[in-house]
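Structure, as C-alpha cells:
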Amino acid sequence: MTDSRRCAEVRELAHEVALGVASVEDRAFVLGHVASCADCRDHLAELSTLADDLLTLVPQAEPPTGFETAVLGRLGGPAVPVRRAWRRLLGLAAALLLVGSASGGAVYWSGHEDREAAAGLRSSLQTANGQYFVAFALRDLGGVQRGAVFGYQGDPAWMFVTVTEVLPPGRYAVELVIRDGTSQLLAAGVDLTRSRGWGAAIPVAVHDARLLRILDGDGRLVLSARLTR
Amino acid sequence: MPATVPHRLRESARRPAVRRLGRDPLNPWQLLVRTTSVGLSDESLLAGLASADPDTAAAFVRRFQGRVFGLAYAIVGDREVATEVAQEAFVRAWRHGAVYDARRGTVATWLLTITRNLAVDAARLRRAVPVDPMVLSALELPSSDPAPGEDVVSAAELDRLRRALDRLPAAQRRCLLLSVFHGLSGREISELDGVPLGTVKTRIRTALLTLRSSLDVSDD
Ligand SMILES: [Zn+2]
C-alpha cells in the first residue's frame, strides 16, 4: 500500500534529485521514500537515466595535444591537488598524538614541538584555504583503536586514514555516513595491507560527516571511526 | 586496429558482458550490447582500466576523451580548466572503475556524470556565472555521427532525445539545461533569471516529463 500524499510530494521533488541539484533535506526525504515505494523508485530511476542521457548530447571536442599521455601518466597516483595537500599535512600529522576518548577522538600536541607544529598547521591551513584539521580514532568491532582518521576542512576537504594494525590481505571499501544518514562510497578496492594509509578529497564538509567505515571485500564492517566529539 | 589488442583481451570480450536487448524486459535502454570496432565493449575497456592494464587504459582514454573534454569545455568554457577537469574525470574513473554498476547506466553516462560533477565544481570555484551557458549554443550544433565503437541503437535514441529537446519551449529548455549542465538548483536559477521559484521548478519538471513521454511514444 502506498501513501499517495507522500508519493505526490516525492514526485514534486524527484526531478531535482534526478538532476543532482536537490537540497540535502529534499534528497534524504526522496531517497528515504523510494527505499520502500517501488512506483516512486521507478519514476526516479527513469528521470535519472534521462538526466544522465542528456549529458551525452554535447558534441565531442578535440582535447589538446598530449592529453592522452598526461592522463595515462596520472593513473596510478592519487588526485594531484589532494596529494600535494596531504603530503604537506602528513608531516604535520606525525607531530600529532591521538588521544582516544569514550566520546570519540581529540587532538593534542606532542610537547616540545608545540609551537612549530602550530605554526605549520596555520600555514598549511592557509595554503589550501583550510579552516580546521581534526583527528579521530579508528576502531575495530571490539572497540580497540587500530588507526586514525584525519580530516581537513578546506578547499577541497579531505580525509586521510591510517591503520596501525596489519589488516588481512584484500581490497577494502571506504565509506562515509553523512549527517542525513545517507552513506557515500569514497573508494572501493583500496589496498590497506601494503600502504597502511589512504586518503581522498571528500564530497561533503568534514563536520557533515558522522562516521567513516571500512568494509572488506564482502561488505563486512571491519573498522569504523565516529567523526563527532 | 585489432592487431594492437592483446589476445587475452579479445578472448574476454567475447564473453557476453551485457544481456541482449529484448531478452531482459527489465531495462532495455541500459542493456544494449555495445560492441566496438576493436571487439571490446565499453565495459571490457573499463575493466581493463580498473585493473591498470596499460593498453586497455589507453584505448579507454582514446575512446572517450572527445566526449569527456567536449562536456567539460561546454560547462567551464575554458580550454585549460576543461583539460584539468577531463584529466581528473579519467583518474576518477580509473580509481572507481570497480564500483561501476552496469544496471545504473552505460559506461559513457557514468563517465560523463563524473565529468559533469567535476566541471560544475570547477565552474563554481571560478565563480563563473552561466548567464549565457556555452552548452546552450553547443547543443544547437547538428549531432555528430556515432564514432566507431559507439552503440548505434543508443545513438538513434539519443537523436530522438535531442529532437525532443529542441521542441521544448525555450524557457523550459534553458531551466533544464542550467540544472543538467551547470548544476544550478531551482532557487539559483530563480535568482539568476529573476523568475519565481515555483515557475522554475514547474518548467524543469514539465521539461523532463515531456522528454520522457516523447521517448515513450517513439518506443512503440
Ligand atoms: Zn511513492
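Chains as they are written, first to last, in UniProt numbering: chain D, 1 to 229; chain W, 1 to 220. Every residue, glycine too, gets a C-beta built ideally from N, C-alpha and C.
So residue i contacts chain D; which residues on that side make the cut at Cβ distance below 7 Å?
| i | result |
| --- | --- |
| R116(W) | L55 |
| R62(W) | E68 |
| T113(W) | D52 and L55 |
| L46(W) | Per Cβ cutoff of 7 Å: no residues; L46(W) is ~13 Å from chain D at best. |
| A58(W) | E68 and L72 |
Just curious, the alpha helix (DSSP H) that residue i is in, first and last residue?
| i | result |
| --- | --- |
| residue 251(D) | Absent from the model: residue 251(D). The displayed extent of chain D is 1 to 229, so no value can be given. |
| A171(W) | A170 to H182 |
| G70(W) | P54 to V76 |
| G194(W) | Careful: G194(W) lies outside any alpha helix (DSSP H) and carries neither H nor E. |
| D26(D) | V24 to V34 |
| V149(D) | That residue, V149(D), is in no alpha helix (DSSP H); its beta strand (DSSP E) goes Q145 to Q153. |
| T83(W) | R79 to H96 |
| H15(D) | S4 to A18 |
Leaving out five residues before and five after residue i in sequence, what residues of the same chain have Cβ atoms less than 6 Å from its Cβ?
| i | result |
| --- | --- |
| N27(W) | For N27(W), the predicted model reports a pLDDT of 29, less than 50, meaning its position is unreliable and no value from the coordinates is stated. |
| R95(W) | none |
| R171(D) | G189 and G217 |
| W198(D) | V161 and V190 |
| G151(D) | V134, M159 and V206 |
| R41(D) | V34 |
| T115(W) | V68, L71, A72 and A89 |
| A148(D) | L98, A135, L138 and T162 |
Determine the chain D residues that contact residue i at a beta-carbon separation under 9 Å, and present them in chain order.
| i | result |
| --- | --- |
| L161(W) | L50, D53, L54, T56 and L57 |
| Q172(W) | Near Q172(W) there are no residues of chain D at all, since even the closest Cβ is about 12 Å away, more than 9 Å. |
| S41(W) | Within 9 Å Cβ-Cβ: nothing; S41(W) doesn't reach chain D, min ~17 Å. |
| A86(W) | P63, F67 and V71 |
| S83(W) | In the sequence as displayed, the identity of residue 83(W) is Thr instead of Ser. Simply P63, P64, F67 and A70. |
Got a sec, what are the start and stop residues for the beta strand (DSSP E) residue i sits in?
| i | result |
| --- | --- |
| G197(D) | G197 to A201 |
| T162(D) | W158 to V163 |
| E175(D) | Y172 to I178 |
| S48(D) | From DSSP, S48(D) is part of no beta strand (DSSP E) but of the alpha helix (DSSP H) over A38 to L55. |
For residue i, which residues from the same chain have a beta carbon less than 7 Å from its beta carbon, with the 5 sequence-adjacent residues on both sides left out?
| i | result |
| --- | --- |
| R196(D) | T162 and V163 |
| T35(W) | Interpretation of T35(W) is limited by its pLDDT of 31, a score under 50 that renders its predicted location unreliable; no figure is taken from the coordinates. |
| L111(W) | F64, V68, A89 and A93 |
| A28(D) | D180, G181 and T182 |
| P6(W) | In this predicted model, P6(W) has a pLDDT of only 36, less than 50, meaning its place in the structure is not dependable; the value taken from the coordinates is given anyway. If we look at P6(W) and ignore the five residues flanking it on each side, its Cβ neighbours are D55. |
| L197(W) | G186, R187 and S190 |
| A205(D) | Q153 and A157 |
| L19(D) | A51 |
| R210(D) | V177, I178, R179, L227 and T228 |
| R79(W) | Y73 |
Can you name, in chain order, every residue of its own chain whose Cβ lies under 8 Å from the Cβ of residue i, other than the five neighbours on each side?
| i | result |
| --- | --- |
| V166(D) | T193 and R196 |
| A22(D) | L13, E16 and V30 |
| E84(W) | A122 |
| P169(D) | T193 |
At 8 Å on the CB atoms, spell out the chain D contacts of residue i, in chain order.
| i | result |
| --- | --- |
| G66(W) | Q60, A61, E62 and P63 |
| L158(W) | D53, T56 and L57 |
| V107(W) | Those do not exist, as V107(W) stays about 11 Å from chain D at its closest Cβ, beyond 8 Å. |
| S185(W) | E16, V21, A22 and S23 |
| L71(W) | L55 and V58 |
| V180(W) | L19, A51, L54 and L55 |
I want to verify the contact list: residues of chain W whose CB lies under 8 Å from the CB of residue i, in sequence order.
| i | result |
| --- | --- |
| R41(D) | Within chain W, no residue comes near R41(D); the closest Cβ sits about 13 Å away, beyond 8 Å. |
| A187(D) | R95 and H96 |
On the DSSP bridge list, what partners appear for residue i?
| i | result |
| --- | --- |
| L185(D) | E175(D) |
| V190(D) | Y172(D) |
| S185(W) | S185(W) pairs with nothing; no bridge assigned. |
| S224(D) | R139(D) and R213(D) |
| V134(D) | G151(D) |
Determine the chain W residues that contact residue i at a beta-carbon separation under 9 Å, and present them in chain order.
| i | result |
| --- | --- |
| H33(D) | None at all; the shortest Cβ gap to chain W is about 17 Å. |
Show which residues of chain W have a CB atom less than 7 Å away from the CB atom of residue i.
| i | result |
| --- | --- |
| E46(D) | R212 |
Would you please verify whether the beta carbon of residue i is less than 8 Å from any beta carbon of chain B?
| i | result |
| --- | --- |
| A123(W) | Structure shown: chain B not included; protein chains present are D and W. |
Problem set entry | Validate contact between the stretch 110-125 of chain W and the stretch 79-95 of chain W using beta carbons, cut 8 Å, 3 pairs | Verdict: yes, contact present.
Exercise. Do the stretch 57-65 of chain W and the stretch 164-178 of chain W make contact, defined as three or more Cβ pairs closer than 8 Å?
Worked result: They do not touch, by the three-pair rule.
Exercise. Counting pairs of Cβ atoms below 8 Å between the stretch 49-67 of chain D and the stretch 204-215 of chain W, do you hit three or more?
Worked result: Yes, since at least three Cβ pairs between the stretch 49-67 of chain D and the stretch 204-215 of chain W fall closer than 8 Å, the two stretches touch.
Exercise. Contact between the stretch 60-74 of chain D and the stretch 29-43 of chain D: three or more CB pairs below 8 Å?
Worked result: Touching, no, given that fewer than three Cβ pairs across the two stretches are closer than 8 Å.
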